[in-house]
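Visitor:
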Amino acid sequence: MVLVFAANDPSAGTGLAADLTTLSSLGCHALPVVTALTVQDTAGLQEVQAIEADWVNEQARFVLEDMQVDAIKVGLAGSIENLAVIAEIVADYPNIPLVLDPVLEHSQRDEYSTDEFAAAIRELLLPNALIVCTNSSKARRLGSDDAEEQDDLPLDAAAARLIDCGCEYVLITGAQEQTSKVSNVLYSRNGRVRSDMWDRLPGRYHGSGATLSAALAGALASGVELNTAVRDAQEYVWQTLVNAFRPGMGQLVPDRMFWARPEDTKAEE
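Here our numbering runs 376 ahead of the position in the sequence shown, where the first position is 1.
1. Within the same chain, show all residues whose beta-carbon is closer than 7 Å to that of F493, passing over the 5 residues directly before and after it, in chain order.
2. So if DSSP puts I548 in a beta bridge, which residue, or which two residues, is it bridged to?
3. Going by C-alpha distance, which of P638, M633, E639, R637 is nearest L667?
4. What do you reckon, are the CB atoms on D385 and T414 nearer than 8 Å?
5. So if DSSP puts S556 in a beta bridge, which residue, or which two residues, is it bridged to?
6. Report yes if the C-beta distance between L596 and V475 is below 8 Å; otherwise report no.
7. Exposed or buried, E644, counting other C-beta atoms within 10 Å across all chains shown (16 or more means buried)?
8. Can you find the residues in the same chain that come closer than 8 Å, C-beta to C-beta, to S571, ignoring five residues on each side of it along the sequence?
9. Would you identify the three-state DSSP class for S571, choosing helix, strand or coil?
10. According to the Cβ coordinates, are V432 and M377 closer than 8 Å?
11. When you compare each of P530, A388, R537, S598 to G519 by their alpha carbons, which one comes out closest?
12. Name the two residues that bound the continuous alpha helix (DSSP H) containing V606.
13. Since D477 contacts C509 with CB under 8 Å, what's their CB separation in whole angstroms?
14. Could you check if R516 is buried or exposed, using at least 16 other CB atoms within 10 Å of its CB as the buried criterion?
15. Find the nearest neighbour of D608 within the set G594, A467, V629, L617, judged by alpha-carbon distance.
16. Assuming A436 and L379 form a contact by the criterion Cβ under 8 Å, report the distance between their Cβ atoms to the nearest whole angstrom.
17. Please list the terminal residues of the continuous alpha helix (DSSP H) segment that includes I456.
18. Which residues does DSSP pair with P408 in a beta bridge?
19. Apply the 10 Å Cβ neighbour rule to G583 and answer buried if 16 or more other Cβ atoms are within range, or exposed otherwise.
20. Measure from the alpha carbon of L547 to the alpha carbon of each residue in A535, G420, T604, then state which is nearest.
21. Under three-state DSSP, which class holds G420?
22. Can the beta-carbon of R580 be found less than 8 Å from the beta-carbon of K557?
See the structure below:
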């Protein structure tokens with residue numbers, strides 16, 4: 377059972393829909409805690425309406441008192457107040473592995489990724505996280521308050537700074553880097569733990585990061601050792617991207633149930 381803190385995405389590309397579909401595909405029972413409502417489609421995010429922090433707290437605590445939760449995943453929190461509530465909850469359950477997928481950019485029109493929000497993630501959630509799963513741009517943003525430094529901050533240094541904030545591991549994905557292949561690197565306090573190379577696929581994908589972090593939470597909930605869980609989650613995401621489909625006019629959406637579809641009905645890459 378995996379407790380998920382995330383926002384609702386009406387396009388079902390990312391957020392709770394991505395988490396629930398991914399976890400179900402991997403044989404887990406997902407427990408969704410709604411942190412925000414969003415207005416978005418496959419082209420991008422327009423508006424976010426955060427759920428009141430008391431509601432977030434009650435949703436999670438009732439479930440935690442009723443069920444044996446095996447992993448927790450945190451995505452879009454919606455507000456700093458929600459971050460604080462989530463931090464209190466996960467601190468009360470230190471033996472449940474926490475996968476953090478930090479979301480900073482909340483709107484195309486209203487930049488939500490303030491320095492205060494990034495600082496709140498660092499101070500409130502990183503100390504409680506087993507692993508932070510993030511792309512390279514967010515790793516740099518969380519790793520430095522200096523906008524001029526962020527663009528040139530080496531990813532090894534960014535990962536080290538995040539680990540200094542209290543998390544045990546950092547997985548940085550390299551899809552946003554200008555490289556011929558995608559390199560995803562797992563870090564611990566001792567430096568690089570593993571590096572996986574993947575062929576770069578064409579197109580852009582709505583929800584690939586949410587899929588990866590949810591798959592990782594599912595593997596950990598199933599008792600898979602972290603190093604192996606990171607590899608298994610990447611392999612699963614690769615298959616969802618190879619079989620991605622375009623349901624709207626925007627980005628491709630990973631097919632998280634690719635294994636259940638007859639070969640002749642699978643979408644073209």
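Glycine included, each C-beta is placed from N, C-alpha and C at the ideal position.
Guide: This is what the structure gives:
1. Against the sequence shown, residue 493 aligns to sequence position 117. The answer, listed in chain order, is I456, L480.
2. Counted from its first residue, the sequence shown places residue 548 at position 172. Paired residues: T510, V561.
3. Any question about residue 667 goes unanswered here, given that the chain covers just 377 to 645.
4. To locate residue 385, count along the sequence shown from 1; it is residue 9. To locate residue 414, count along the sequence shown from 1; it is residue 38. Cβ atoms of D385 and T414: closer than 8 Å.
5. What you label residue 556 is simply residue 180 of the sequence shown in a count that begins at 1. For S556, which the question treats as bridged, DSSP gives no partner whatsoever.
6. Start at 1 with the first residue of the sequence shown, and residue 596 comes out as number 220. Start at 1 with the first residue of the sequence shown, and residue 475 comes out as number 99. A contact, by the Cβ cut-off of 8 Å.
7. Locating residue 644 in the sequence shown gives position 268, counting from the first residue. At E644 the pLDDT is 48, less than 50, meaning the model places this residue with poor confidence and gives no usable figure here.
8. The residue labelled residue 571 in the question sits at position 195 within the sequence shown. For S571, where only same-chain residues beyond five positions count, the Cβ hits under 8 Å are S559, N560, V561, L562.
9. The residue labelled residue 571 in the question sits at position 195 within the sequence shown. S571 falls in the strand class under three-state DSSP.
10. Indexing the sequence shown from 1 puts residue 432 at position 56. Indexing the sequence shown from 1 puts residue 377 at position 1. Taking 8 Å as the Cβ cut-off, V432 and M377 do not qualify as a contacting pair.
11. Against the sequence shown, residue 519 aligns to sequence position 143. Ranking P530, A388, R537, S598 by Cα distance to G519 puts R537 first.
12. Within the sequence shown, the letter at position 230 stands for residue 606. Counting along the chain, the alpha helix (DSSP H) containing V606 begins and ends at 602-618.
13. Counting from one through the sequence shown, the residue named residue 477 turns up at place 101. Counting from one through the sequence shown, the residue named residue 509 turns up at place 133. Confirmed, Cβ separation roughly 5 Å.
14. Locating residue 516 in the sequence shown gives position 140, counting from the first residue. R516 should be labelled buried.
15. Stepping through the sequence shown from its first residue, residue 608 is reached at position 232. Nearest of G594, A467, V629, L617 to D608, Cα basis: G594.
16. As a position in the sequence shown, residue 436 is number 60, starting the count at 1. As a position in the sequence shown, residue 379 is number 3, starting the count at 1. Contact holds; Cβ gap of about 7 Å.
17. Here residue 456 refers to the residue found at position 80 of the sequence shown. Unbroken alpha helix (DSSP H) run through I456: 456-467.
18. For the purposes of this step, residue 408 is taken as residue 32 along the sequence shown, with counting starting at 1. Per DSSP, V380.
19. Position 207 of the sequence shown holds residue 583. It counts as buried.
20. Here the question's residue 547 lines up with position 171 in the sequence shown. Of the candidates A535, G420, T604, the one whose C-alpha sits nearest the C-alpha of L547 is A535.
21. On the sequence shown, position 44 is the one that residue 420 refers to. DSSP places G420 in strand when its eight states are reduced to three.
22. Within the sequence shown, residue 580 is the residue found at index 204, counting from 1. Within the sequence shown, residue 557 is the residue found at index 181, counting from 1. Cβ distance not < 8 Å, so R580 and K557 don't count as in contact.
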